[in-house]
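Taking UniProt numbering, the leading residue of the sequence shown gets 1, the next gets one more, and so forth. Where a beta carbon is used, it is the ideal one built from N, C-alpha and C, also for glycine. Before any comments, here is the structure.
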Amino acid sequence: MSPANRNPEIRKDAVNNRTVILSPARSLRPSDFKSKSQAKPDSNPSSDGQPQCPFCSGNEHQCAPEIFRSPEDSTSDWKVRVIENLYPALSRDLKVKSDDDEYCQADVTAGDVSLGGFGFHDVIIESPVHSVHLPDLTSSGVAGVLLAYKKRIEQLCAVDSISYVQVFKNHGASAGASMSHSHSQIIALPVIPSTASTRLNSMKEYHNQTGKCVLCNIHTNKLLIDESTHFISISPFASAFPFETWIVPRYHSSHYHELDEDKAIDLGGLLKLTLQKLSVQLNDPPYNYMIHTSPLRITSSQLPCTHWYIQIVPQLSTIGGFEMGTGCYINPVFPEDAAKILREVEMPKSD
């Protein structure tokens with residue numbers, strides 16, 4: 001049956017406790033999905049022809065304070081830099097107070113709670129070269145970025161007040177990127193976001209019912225895109241967005257920062273391939289990716305049921321009132337069709 005002739009389906013995402021509607025009648029053929037406009041690089045040259053971008057090599061002094069770089073002893077030949085965000089969403093000052101001069105306030109009758117805006121907001125500069133994007137790097141180069149995430153999360157683990165760390169990347173202006181130089185971000189929070197709590201509870205419920213981890217037990221039939229030694233890429237069964245893709249460890253792991261160097265190189269290769277395929281098939285779309293890991297301090301009883309993964313969302317559609325009102329997303333592309341299309345994208349061999 002062709003995708004356009006399929007009946008709509010309502011599916012449940014057992015990982016995120018989310019309901020989606022798959023409605024192919026609302027779309028063109030899945031193979032016709034393309035980004036409407038490509039992100040244009042902004043070299044932003046100065047009068048002497050050198051880029052003014054503060055993320056470029058040679059302009060380090062224009063950035064917020066550096067946290068670390070890789071290699072550690074590098075000068076102008078660094079490969080990855082982790083810096084403070086110049087415009088942070090949160091304050092690094094543990095004693096930061098709310099507007100009413102109270103660190104914690106609560107209106108019990110209204111259910112409103114106010115906390116001081118403590119936390120960390122960092123930027124990972126993925127390359128010293130302005131025109132180089134993450135999938136342009138070698139597998140080892142991508143691994144260097146992934147290991148920078150790991151190192152920074154490990155540092156944040158030492159801060160007792162931090163409960164959750166979110167790693168994310170916005171590629172393209174319409175995906176939220178304010179600078180075109182390839183970078184990603186980390187925000188560390190003193191609270192566990194509701195979506196993370198929902199995911200944790202949903203995974204725990206599945207484990208209680210089946211005795212298995214939901215992502216260890218994931219069904220890849222018709223949903224598998226690619227696989228490596230330690231990871232798989234799939235179109236999730238209840239995709240909320242067209243061509244949404246997950247990269248999932250084959251091995252059970254609750255926390256992303258448990259990643260070792262060998263697995264990081266393996267993951268770097270698969271992440272590179274996945275981003276390349278999405279770019280080729282969808283005309284270099286703006287996209288977001290998020291690393292969904294467990295809260296930093298979960299109990300030992302929760303470890304068997306929690307499993308980290310990377311979610312990649314190409315920005316091909318908009319969210320409307322129905323989605324905002326219900327939390328139920330309408331996806332015009334069946335994940336089985338998206339997986340088949342991406343599986344069959346031919347890529348030249350690389351490292």
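Item                                                                                                                                                       : Value
Could you tell me which whole beta strand (DSSP E) segments of length 3 or greater appear in the stretch 170-215?                                          : 183-189
Who are W78's beta bridge partners in DSSP?                                                                                                                : Answer is none; W78 lacks a bridge partner.
Cutting at 7 Å between CB atoms, please list the residues of its own chain near K40, excluding the five before and the five after it.                      : Reliability of the predicted coordinates at K40 is poor, the pLDDT of 49 falling under 50, and the value obtained from them is presented with this limitation in mind. Nothing listed; no residue qualifies.
Quick one: what's got a C-beta closer than 6 Å to residue 425's C-beta in the same chain, skipping five residues either side?                              : Absent from the model: residue 425. The displayed extent of the chain is 1 to 351, so no value can be given.
Just to confirm before moving on: does the CB-CB distance between V80 and V145 stay below 7 Å?                                                             : yes
As a quick exercise: from S182, G119, A173, pick the residue whose alpha carbon is nearest that of residue 384.                                            : Nothing can be reported for residue 384, as the shown portion of the chain is limited to 1 through 351.
Within 8 Å, do at least three Cβ pairs link the stretch 311-323 to the stretch 250-261?                                                                    : no
Could you check what DSSP says for H61 in three-state terms: helix, strand or coil?                                                                        : helix
Determine the contact status of H181 and C63, defining contact as a CB-CB distance below 7 Å.                                                              : no
What first and last residue would you give for the beta strand (DSSP E) that runs through L224?                                                            : 224-227
Does the distance from the C-beta atom of A339 to that of I225 stay below 7 Å?                                                                             : yes
Mind checking whether N16 and R297 have CB atoms under 7 Å apart?                                                                                          : no
If distances are taken between C-alpha atoms only, which option among N85, M347, K349, E336 comes closest to R11?                                          : E336
Along the chain, where does the beta strand (DSSP E) containing R343 start, and where does it finish?                                                      : Taken as a continuous stretch (DSSP letters only), R343 belongs to no beta strand (DSSP E), being part of the alpha helix (DSSP H) at 335-343.
Look up P314 in the DSSP assignment and say whether it is helix, strand or coil.                                                                           : strand
Measuring only the C-alpha atoms, how far is E346 from R69?                                                                                                : 35 Å
Suppose the cutoff is 6 Å on Cβ atoms and the five residues either side in sequence are ignored; what does the same chain contact list for S47 look like?  : Note that S47 has pLDDT 45, beneath the 50 cutoff, so the model's placement of it is unreliable and no number is given.
Could you check how far apart the C-beta atoms of D13 and P295 are, in whole angstroms? I think they sit under 8 Å.                                        : Going by Cβ atoms, the distance from D13 to P295 rounds to 20 Å, so no, they are not a contact pair.
Closest to T19 by C-alpha separation, out of Q276, E323, S174, would be which residue?                                                                     : E323
With H, G and I counted as helix, E and B as strand and the rest as coil, what does DSSP make of P41?                                                      : In this predicted model, P41 has a pLDDT of only 47, less than 50, meaning its place in the structure is not dependable; the value taken from the coordinates is given anyway. Looking at P41 - three-state DSSP - the assignment turns out to be coil, as it is neither helix nor strand.
According to DSSP, simplified to helix, strand and coil, what is P24?                                                                                      : helix
Under 7 Å between the Cβ atoms of S233 and T274?                                                                                                           : yes
Mind checking which residues open and close the beta strand (DSSP E) that includes I291?                                                                   : 287-292
Given this structure, state the Cα-to-Cα distance separating M1 from L342, to the nearest angstrom.                                                        : Unreliable positioning characterises M1 in this predicted model, as indicated by a pLDDT of 49, which lies under 50. The coordinate reading is nonetheless provided below. Distance between the alpha carbons of M1 and L342: 19 Å.
In the DSSP assignment, find the unbroken beta strand (DSSP E) run with residue 355 in it and report its ends.                                             : Missing from the structure shown is residue 355; the chain here goes from 1 to 351 and no further.
Is DSSP giving Y103 helix, strand or coil here?                                                                                                            : In this predicted model, Y103 has a pLDDT of only 47, less than 50, meaning its place in the structure is not dependable; the value taken from the coordinates is given anyway. Looking at Y103 - three-state DSSP - the assignment turns out to be coil, as it is neither helix nor strand.
Just verifying my parser: in three-state terms, what is the DSSP assignment at S233?                                                                       : strand
Closer than 7 Å by C-beta to S202: which residues in its own chain qualify, once you throw out the five before and the five after it? Chain order, please. : A14, V15, N16, N17
Are the beta-carbon atoms belonging to H230 and K277 less than 7 Å from one another?                                                                       : no
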